[in-house]
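Student:
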Amino acid sequence: MTNQLPPTPTLPPTLPLTPTLPPLAPASSLVNPTPPVVVTIHQAGKYEVRVIRDKCIGAASCVAIANKTFDLDEENIAIILDQHGDDDETRLLAAQSCPTAAIEVIDTETGEMVWPR
Amino acid sequence: MVAPVKAWARLENRVDLNERYIQLNFELVEPHTLSFQAGQYVSIQVDEAGHRRSYSISNNPEIDHGFELLIDLVPAGIGTQYLQNLKLGDTIHLVAPLGVFTVARTQIEPELYLIATGSGVTPFRAMLFDLLQTQRDTRQITLFWGMRKVEHLFWVDEFQELAEAFPQFHFHPVISQALKEWELCRGRVTDCLLVHQINYQAGFYICGSTPMITDVTAFLAQKSVPKDRVHFEKFF
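Keeping their order, the protein sequence lines are chains A and B. Counting with my numbering, you get residues 6 to 122 for the letters of the first sequence. Counting with my numbering, you get residues 531 to 766 for the letters of the second sequence.
1. With distance defined between alpha-carbon atoms, name the residue in B/Gln637, B/Ile736, B/Thr747, B/Val559 nearest to B/Gly650.
2. With distances taken from CA atoms, which of B/Ser739, B/Asp594, B/Thr740, B/Gln731 is nearest B/Val760?
3. Counting only beta-carbon separations shorter than 9 Å, does B/His581 have a partner in chain A?
4. So B/Leu613 is in the alpha helix (DSSP H); what residue range does that whole segment cover?
5. With 7 Å as the C-beta to C-beta threshold (strictly closer), list the residues of the stretch 742 to 764 of chain B near chain A in chain order.
6. Measuring alpha carbon to alpha carbon, tell me which residue in A/Thr113, A/His89, A/Lys60, A/Asp59 is nearest A/Asn72.
7. Check whether the Cβ of B/Lys536 lies closer than 8 Å to any heavy atom of the ligand NAP, and answer yes or no.
8. Secondary structure at B/Val604, three-state DSSP: helix, strand or coil?
9. From what residue to what residue does the beta strand (DSSP E) around A/Met134 run?
10. Go ahead and label B/Ile638 buried or exposed: buried means 16 or more other beta carbons lie within 10 angstroms of its beta carbon, across all protein chains shown.
11. Taking the beta strand (DSSP E) that B/Thr647 belongs to, which residues open and close that run?
12. Could you give the DSSP three-state label for A/Ser102: helix, strand or coil?
13. In whole angstroms, what is the alpha-carbon distance linking B/Phe621 and B/Gln752?
14. I need the straight-line Cα distance from A/Thr115 to A/Tyr52, nearest angstrom please.
15. Would you mind telling me which residues of chain A sit closer than 7 Å to B/Val630, beta carbon to beta carbon, in chain order?
16. Under the rule that 16 or more other beta-carbon atoms within 10 Å means buried, what is B/Met657, buried or exposed?
17. Hey, quick one: how far does the alpha helix (DSSP H) through B/Ile728 stretch, first residue to last?
18. Between the stretch 541 to 554 of chain B and the stretch 601 to 612 of chain B, are three or more C-beta pairs nearer than 8 Å?
19. Under 9 Å between C-beta atoms, does B/Ser588 make it to chain A?
Okay, structure coming up:
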């Protein structure tokens, strides 16, 4: 029997780093400009956060800084409400502000521990 | 609670309180004011890698254009080294206010005990100024403050002046390595709690080393103090 590798899955096209801007409108069209179309792209961020319960002392700095990501449970220990409730920068700042380094931040693209380091 | 903000502050003054403790006074640069509650702390970036250290604010929240911090020089970790080496005029980057170790405004607790060891007294200085001078709180408030050596005490004059100005405030320093001539409480703070009449219906606020917090919370549990009347902030 021949072992055949499954076909390589087709990856979805990646988002361009710099979005292509539409061509500039002619000056005459600025008199009565068409209302701009606002497109919001929700990017989940590449960081994943983890709470080390044994280290948490309930200081709640993470909740104060990233309150859409963290909360305290009934034991006053930090829990994750929504892994991507706040952006990467905010969640990293929340982790860095934890007085006991009870929050780990992992880069999901590289697997690297971003914090603590 | 007010949402924390990123801020810059400039070192305005440094007071060497004794061989172990220094007090640093910062003036806010951006934003110009900071609202906080007594008992909250600031998180300061102490190196380029992004490490941060937390320090309780020691001044009355009425002063909103700056803040005072107490620094324990032992052990000399990265936070202590960074702050100790600051020169007057240097700026620091911080996030503040943080923390939930605050006295509830509802006055549901009929009396307050503030129990500290070492630099754990820092948030209590802010609380005392706020409760006594600003809020005009008339409840009985007692501060028990444990220190290993009498020469390491600081802010004693301030606490004694508060006790003179506000008869409902009582101050008990406790020295564990006291010389013979020390006439006040000696031993651990729990030893001092045992020799004073304590109202176990009160609110207890504890700040300091983990062993002290463990001892005091166990002691209060033995006395059937409800858990929601015991508030603590661990120093680490």
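Cβ atoms here follow ideal geometry from the backbone N, Cα and C, with glycine treated the same way.
Tutor: Taking the geometry as given:
1. Nearest option by C-alpha distance: B/Ile736.
2. B/Gln731
3. yes
4. 608 to 614
5. Lys764
6. A/His89
7. In terms of ligand content, the structure shown is empty, and the ligand NAP therefore cannot be addressed.
8. coil
9. This structure does not reach residue 134 of chain A, given that chain A is present from 6 up to 122, and the question cannot be answered.
10. exposed
11. According to the DSSP assignment, B/Thr647 belongs to the beta strand (DSSP E) that extends over 641 to 647.
12. helix
13. The residue you asked about is not Phe; residue 621 of chain B is Thr in the sequence shown. Cα to Cα, B/Thr621 sits roughly 47 Å from B/Gln752.
14. So the alpha carbons of these two residues sit roughly 10 Å apart.
15. Residues of chain A passing the Cβ test: Ala65.
16. buried
17. Segment: none, B/Ile728 is in no alpha helix (DSSP H) and carries neither H nor E.
18. The stretch 541 to 554 of chain B vs the stretch 601 to 612 of chain B: in contact.
19. no
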